[in-house]
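Following numbering that gives the first Met the number 0, the numbering of the first sequence begins with 0 at its first residue and continues without gaps. Below is one structure, written out as structure tokens; the observations come after it.
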Amino acid sequence: MERKKVLLGISGGVDSAVAAIVLKEEGYDVTAAFMRNWDSTTNNDILGNPTVEDYICPQEQDYNDAKKVCEQLGIEILRVDFINEYWDNVFTYFINEYKLGRTPNPDILCNKFIKFDYFLDYAMEKGFDYIAMGHYAGVEHTQEGSYMLKAKDTNKDQTYFLSQLNQYQLSKSLFPLAKFTKPEIREIALKNDLYVAKKKDSTGICFIGERNFKEFLSNYIPAQPGKILDYRTKKEVGEHAGVMYYTIGQAKGLAIGGQKDFDNGKWYVMGKNLKEKILYVSNDHEQMFLQTDKALISDINLNNDKFIGITEANAKFRYRQKEYPVDIEWVDNNSAYVSSDNLPLGITIGQACVFYLDEYCCGGGTIDKIYLNNEEIDYGEN
RNA sequence: GGCCCGUUGGUGAAGCGGUUAACACAUAUGCCUUUCACGCAUACAUCCACGGGUUCGAAUCCCGUACGGGUCA
0 MERKKVLLGI SGGVDSAVAA IVLKEEGYDV TAAFMRNWDS TTNNDILGNP
50 TVEDYICPQE QDYNDAKKVC EQLGIEILRV DFINEYWDNV FTYFINEYKL
100 GRTPNPDILC NKFIKFDYFL DYAMEKGFDY IAMGHYAGVE HTQEGSYMLK
150 AKDTNKDQTY FLSQLNQYQL SKSLFPLAKF TKPEIREIAL KNDLYVAKKK
200 DSTGICFIGE RNFKEFLSNY IPAQPGKILD YRTKKEVGEH AGVMYYTIGQ
250 AKGLAIGGQK DFDNGKWYVM GKNLKEKILY VSNDHEQMFL QTDKALISDI
300 NLNNDKFIGI TEANAKFRYR QKEYPVDIEW VDNNSAYVSS DNLPLGITIG
350 QACVFYLDEY CCGGGTIDKI YLNNEEIDYG EN
């Protein structure tokens, strides 16, 4: 019987390297592919970039690491480049969302459009049976189609980022790390003496990396300074460089020190008025100003027809937050109201709402509007 | 002009003769984290508007000067 051919996305980190080992042990015919989707120079990524002056750009370093790993494991490594596709499908949307004052999640789109679309197509054209990624997630291929499962390591579970994958994409995917925890991955890496066994995990936007975020955005979105007002009293408590540089619930970077007529305490962004360039903040101790009990979710993707029309689920509104049981009231095929008396504070427009049923990740959508007591929270925008 | 009160780190603000000059917020760094955030930890006033004096010893008491605020003809 012929072995199934898998094209594994390899990043130069530990996770995808161990994924290669696992796939090999499972009997797959593994080829690796390194993706390059961002070029700091051509994309004018200057401000806020800690690596601009490095001798070797981090992507090349990662490629070299990936190459070494592949040599160690005796697998072929390919190199693909989706820089233009990333810019057109992910980054343009990302910037436009910020310009609208929302807080997008680019990595979800990166998965939807790049890793599990352009890259998937590339693999299929090359005759591979599956693609594989080093995500902490699981997939189950059955007669009724494929299902996405949470990873064994619930602390690292990355299904939130995979919530826009459809049935076809899922059916062509493998997630070799599903059954392992992060410490186990490190252990496997060490046992196999992998070159990257001790390499630090990378964070920041996928393919772009860690940045001073406000400065990074200012490369693409010009500053539009305005006032910071306390929401209750409408008193001015500071100035900002642009409301679009901030997200709901944010405390850092506001530069609001102790205030004469207010209690001690941190100041959190609670809303913005784009037209007036006002950033609303509050320092209420309980942070109840961030409360919400209903949200409109749009662009909902369900990864298996079995989930169509579900009226209850556990929902996650931000990566690494708890799941909250919610009622789902469908508006049409891909938008719905989600509600509960107990939702997390600081639900933010532009982020994803992802649905779970037990161990299954059903899919998710984009948070479009938020409500409290049936009133939309919009800070005078409309 | 007379009288009274105040002036402490980036900000708000404790301390009122002997302190490593609280605390909170900001800021920086680290941790956490494949988004943005939240969270956690650590660092940060050679010094208390300035000059002089009293005292073994002053941010703390006294006297001037400057700058605020109040009040009375």
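Beta carbons are placed, not taken as given, at the ideal position from N, Cα and C, and that holds for glycine.
*Got a sec? Which residues, its chain only, sit under 7 Å from R210 by beta carbon, not counting five neighbours each side?*
In the same chain as R210, and ignoring 5 residues on each side of it, the C-beta atoms closer than 7 Å to its own belong to G47, N48, G203, in chain order.
*Secondary structure of I187, DSSP reduced to three states*: Helix, per DSSP.
*asked:* Going by DSSP in three states, C205 sits in which element: helix, strand or coil?
replied: C205 sits in coil when the DSSP states are folded into three classes, being neither helix nor strand.
*Which partner residues does D326 have in the DSSP bridge list?*
Answer by DSSP bridge pairing, in chain order: E311, S338.
*Do the region 259-279 and the region 294-311 make contact, defined as three or more Cβ pairs closer than 8 Å?*
Output reads no: the region 294-311 does not touch the region 259-279.
*May I have the straight-line CA-CA distance separating V51 from E70, to the nearest angstrom?*
Pairing V51 with E70, the inter-Cα distance amounts to about 29 Å.
_Once DSSP output is grouped into helix, strand and coil, what is the label at E1?_
Of the three classes helix, strand and coil, the one that applies to E1 here is coil, per DSSP.
*Buried versus exposed call for P105 [16 or more other C-beta atoms within 10 Å across all chains shown]*: Taking every protein chain shown into account, the CB of P105 has 16 or more other CB atoms within 10 angstroms, so this residue is buried.
_Sequence-distant residues of the same chain with beta carbon closer than 6 Å to V353, five excluded per side_ = Y159, S162, K315, G363.
*DSSP state of K271, grouped into three classes?*
K271: strand per DSSP, three-state reduction.
*asked:* With distance defined between alpha-carbon atoms, name the residue in I247, K251, K271, N165 nearest to D377.
replied: Comparing Cα positions, the closest option is K271.
*Starting from A254 and walking both ways along the beta strand (DSSP E), at which residues does that stretch end?*
That residue, A254, is in no beta strand (DSSP E); it is neither H nor E in DSSP.
*Any alpha helix (DSSP H) of 4 or more consecutive residues that is wholly inside the region 66-151*: Here the runs fully enclosed are 82-85, 91-98, 105-108, 118-124.
*In terms of residues, what are the limits of the alpha helix (DSSP H) holding Y167?*
Taken as a continuous stretch (DSSP letters only), the alpha helix (DSSP H) holding Y167 covers 166-170.
*Skipping 5 residues on each side, what residues in its chain have a beta carbon closer than 7 Å to that of G345?*
Answer for G345: I247, G248, L289, listed in chain order.
*Excluding five sequence neighbours on each side, which residues of the same chain lie with their C-beta closer than 7 Å to the C-beta of G237?*
Excluding residues within five positions, the ones whose Cβ falls inside 7 Å are I227, L253, A254, I255.
*Could you give the distance in angstroms between the alpha-carbon of N300 and the alpha-carbon of G241?*
As the crow flies, the alpha-carbon of N300 is around 32 Å from that of G241.
*Can you tell me which of N372, N373, Y370, C360 puts its alpha carbon nearest to the alpha carbon of V138?*
Closest in alpha carbon position to V138, among N372, N373, Y370, C360, is C360.
*asked:* Going by beta-carbon coordinates alone, are V5 and V29 separated by less than 8 Å?
replied: In this structure, the beta-carbon distance from V5 to V29 falls below 8 Å.
*Apart from the five residues on each side of it in sequence, which residues of its chain come closer than 6 Å, Cβ to Cβ, to Q157?*
Within the same chain, Q157 has close Cβ partners H134, Y135, A136.
*asked:* Taking only three categories from DSSP, how would you classify Y194?
replied: Looking at Y194 - three-state DSSP - the assignment turns out to be coil, as it is neither helix nor strand.
*asked:* Looking only at its chain, what residues have a beta carbon closer than 7 Å to the beta carbon of Y119, apart from the 5 residues adjacent to it on each side?
replied: Checking the sequence shown, residue 119 turns out to be Leu, not Tyr. Apart from the 5 residues on each side of it in sequence, L119 sits with its Cβ closer than 7 Å to the Cβ of I130, Q168, K171 in its chain, given in chain order.
*Pull up the distance between the alpha-carbon of D192 and that of D200, whole angstroms please.*
For D192 and D200, the distance between alpha carbons rounds to 17 Å.
*asked:* Going by C-alpha to C-alpha distance, which of L356, N372, Q350 sits closest to T102?
replied: From the listed residues L356, N372, Q350, the smallest Cα separation to T102 is found for Q350.
*Could you check which residue in A335, K305, D340 has the C-alpha nearest to that of I366?*
That would be A335, whose Cα lies nearest to the Cα of I366.
*Taking only the alpha-carbon atoms, compute the straight-line gap between A19 and Y219 and give it to the nearest angstrom.*
About 37 Å.
_CB of K151 within 8 Å of CB of F179, strictly_ = In this structure, K151 places its C-beta atom within 8 Å of the C-beta atom of F179.
*asked:* Since N302 and L164 should fall inside the 8 Å C-beta cutoff, what is the C-beta to C-beta distance between them, to a whole number of angstroms?
replied: Confirmed, Cβ separation roughly 6 Å.
*In whole angstroms, what separates the C-alpha of G8 from that of D292?*
The straight-line gap from Cα to Cα measures roughly 39 Å.
*So what does DSSP say about I376, is it helix, strand or coil?*
I376: coil per DSSP, three-state reduction.
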